[in-house]
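In what follows, a structure is listed as structure tokens, so that the remarks can point back to it.
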């Protein structure tokens, strides 16, 4: 479940701006995903890219070698919207369970 939430969260961040892997990891940490191992992000980015949900573009860096910046594709935008819908449904169900409602 966490992998799906993390993938959806990556799509949300990339819908706001292009990011390279390390910066994406920093942003996730800023939003409370501090327990995510750094080695988890790159395989997820590769998976999302293979599914054509994101695309990577090499760009120059001010501080060293080129970086691969990721952005959302149209398919990725649709997937992001689906993630938001699923999240709201899941959150509602868990809230109901916590509060003892059926």
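Residue numbers (the working numbering): 37 to 138.
Glycine is no exception: its CB is placed at the ideal position from the N, C-alpha and C atoms.
| Query | Result |
| --- | --- |
| According to DSSP, is residue 97 part of a helix, a strand, or is it coil? | strand |
| Using only the alpha-carbon positions, how far apart do residue 91 and residue 68 sit? | 25 Å |
| Bridge partners of residue 104, per DSSP? | 94 |
| Rounded to the nearest angstrom, what separates residue 79 and residue 56 at their Cα positions? | 13 Å |
| Residue 55 bridges to which residues according to DSSP? | 106 |
| Given residue 85, which residues of its chain have a CB within under 8 Å of its CB, disregarding the five upstream and five downstream residues? | 91, 92, 106 |
| In whole angstroms, give me the CA-to-CA distance for residue 111 and residue 88. | 7 Å |
| Report yes if the C-beta distance between residue 47 and residue 116 is below 7 Å; otherwise report no. | yes |
| Let's see if you can read the secondary structure: which residues bound the alpha helix (DSSP H) around residue 86? | 74-86 |
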